[in-house]
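Notes for the one structure printed next.
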Amino acid sequence: MNKPVSGVQIENAKIVQDDKAHVWHHLSQHKPLEESDPMVIVEGKGMRVKDINGREYLDAVSGGVWTVNVGYGRESIADAVRDQLAKMCYFANSAGNIPGAQFAERLIDKMPGLSRVYYSNSGSEANEKGYKLVRQLAAIKNNGEKHKILFRDRDYHGTTITALSSTGQLQRKDQYGPFTPGFVEVPHCMAYRAPNGDDPDYGVQAAREIEKVILREGPDTVGSIILEPITAGGGVITPPEGYFETVQEICKKYGVLLHIDEVVCGMGRTGKWFGYQHYGVKPDIVTMAKGVASGYAAISVTATTEDLFREFLAEPAEKMHYFRDISTFGGCAGGPAAALANMQIIEEENLLDNVVKMGDYLMDQLLELQQKHPVIGDVRGKGLFVGAELVKDRKTKEPVDESVTAGIAAHCLKNGVMIGRTNRSFPEHNNTLCLSPALICTKSDLDEIVTAIDNAIADIA
Ligand SMILES: Cc1ncc(COP(=O)(O)O)c(C=O)c1O
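Structure below.
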């Protein structure tokens, strides 16, 4: 006899059917969904999420894309957002709101050298604000000449056409051109694939490549450079020694503003509030999004120095001389309310310390795994932000096919662990497994994650 079908089962089946019929999922080829059902996530607590069929998963990528930094089910953030929305949900950010002012003060306290916070609601948008500031500054000060923006091979800065114009990931850009003019690529700084092998001076040399581009383009034409402190989706690339110090020196020499994209690294992921703070640099613009409110609300920030802000001060007679930009939902007061509660959790639970301790543990575990599996060519990262690059041969470093990383991620998922991987970013280098568990993770969570990868590699690679 068939088991009786409950009301909940019927409701769930309808949700899956509606999703299948009408939702166009991000980054997804829908053809396979003609034969199978999409995953629908319905609940989360701590490090774990549950799908609509009641299956539980340990999430090693904080919501798939390194976002839910403080973990799922945080009542204090939900309450803060609810209370704020009931009191005052929205007003255009040409006016202030209470959590917006409070969060700006708390945030700037963590970022010595910066003083201004501009709100919007996605990482792409925050970066675009940075680009617009540079373009307008060029118009105000330099007859529009210092308008070019440099970006780096392998980095990603967002999904809009202009953000893609500044992305060094060929597959992400493919088929979406033509792109916005005035964006110029500089070489990557990935020691594992450095042109000169293991040269200890590689960091300085990689930075000097930027100088060559500035000189080629003409220093009078270059307004800024945007860099991820640690490249995320491009393969978790930590900068080599000497890199950022030299970049800083070059920026100063040629009057090029340094824009650091902290959309992934920001808010503690690497063990400091911001990734750039590991490298002693003084950025002019810092953008952040994902971990700012851990996904409990959509909020992003473009933070700048007071010097940059003051360039936009002028007498009212100068009608065009102010930042004429708006983001409608930058006025949603729930965003900074969530961000304040999120920051409070990180402080009260000493999560930065946990990131350092657990990050070291995760790194040790992965290095051990590397001893065991020749397919792991390189392990790199900082804090709870780690990548393992897979190769066919350690000597030649020939990358494995993307089907191998995809197969390993699928194997882990089947065994209840969600891991990440570089995904259709490069024609040949979609070969890095990515881990970014929530900042609350424990050794036993990490053991479970590493065991799942160990088993997957044993079966697949
Ligand atoms: C480093 C970096 N910058 C910017 C973005 C774009 O953020 P969003 O998807 O919120 O627009 C991303 C997204 O993954 C990112 O990884």
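Each number in the numbering used here corresponds to the 1-based position in the sequence shown with 3 added. Every residue, glycine too, gets a C-beta built ideally from N, C-alpha and C.
Sorting Asp462, Asn15, Phe154 and Arg196 by C-alpha distance to the C-alpha of Pro402 places Arg196 at the top. Per the C-alpha coordinates, the member of Met323, Arg424, Pro440 and Val394 positioned closest to Met366 is Pro440. Ligand 1 has a heavy atom closer than 6 Å to the beta-carbon of Glu231. Pairing Pro222 with Tyr257 gives a Cβ-Cβ distance under 7 Å. Boundaries of the beta strand (DSSP E) around Met291: Ile288 to Met291.
Remark: fewer than three beta-carbon pairs, one from each stretch, lie closer than 8 Å, so the stretch 229-246 and the stretch 105-112 are not flagged as touching.
A check of alpha carbon separations from Lys385 across Gly269, Ser97 and Arg219 identifies Gly269 as the nearest.
In the same chain as Glu59, and ignoring 5 residues on each side of it, the C-beta atoms closer than 7 Å to its own belong to Arg51, Lys53 and Gly419, in chain order.
A straight-line Cα-Cα distance of about 41 Å links Ile288 and Lys34. Between Val266 and Cys437, the gap from beta carbon to beta carbon reaches 7 Å or more. Proximity of the beta carbon of Ala301 to ligand 1 is not indicated: no heavy atom of the ligand is located closer than 6 Å. Here Val295 is buried, its C-beta having at least 16 other C-beta atoms within 10 Å. Residue state for Asp21 is assigned as helix, using DSSP reduced to three classes.
Pairing Ala210 with Thr249 gives a Cβ-Cβ distance under 7 Å.
Judged by DSSP in its simplified three-state form, Ala441 adopts coil rather than helix or strand. Ile164 and Leu153 have their C-alpha atoms roughly 16 Å apart. In this structure, Tyr159 keeps its C-beta atom at 7 Å or more from the C-beta atom of Gln174. Non-local beta-carbon contacts of Val45 in its own chain, meaning distances under 7 Å to residues more than five positions away in sequence, involve Lys53, Asp54 and Ile55 in chain order. For Thr305, DSSP records a beta bridge to Tyr121 and Thr290. For Phe94, the closest of Asp156, Cys254, His376 and Gly338 by C-alpha to C-alpha distance is Gly338. In terms of side-chain proximity, the C-beta atom of Val267 is found nearer than 6 Å to a non-hydrogen atom of ligand 1.
Distance check between Asp82 and each of Leu61, Pro184 and Ala342 places Ala342 closest, using alpha-carbon atoms only. For Gly283, there is no enclosing alpha helix (DSSP H), as DSSP gives it neither H nor E. Taking Ala235 as the centre and dropping the five residues before and after it, the same chain places the C-beta of Val267 closer than 6 Å to its C-beta, in chain order. Taking 3 residues as the shortest admissible run, the stretch 142-198 contains the following complete beta strand (DSSP E) segments, listed from N- to C-terminal end: 151-155 and 186-189. Taking Ile253 as reference, the option from Ala336, Gln208, Asn458 and Ser9 with the minimal CA-CA separation is Gln208.
At least one heavy atom of ligand 1 sits closer than 6 Å to the Cβ of Gly236.
When secondary structure is reduced to three states using DSSP, Met366 falls in the helix class.
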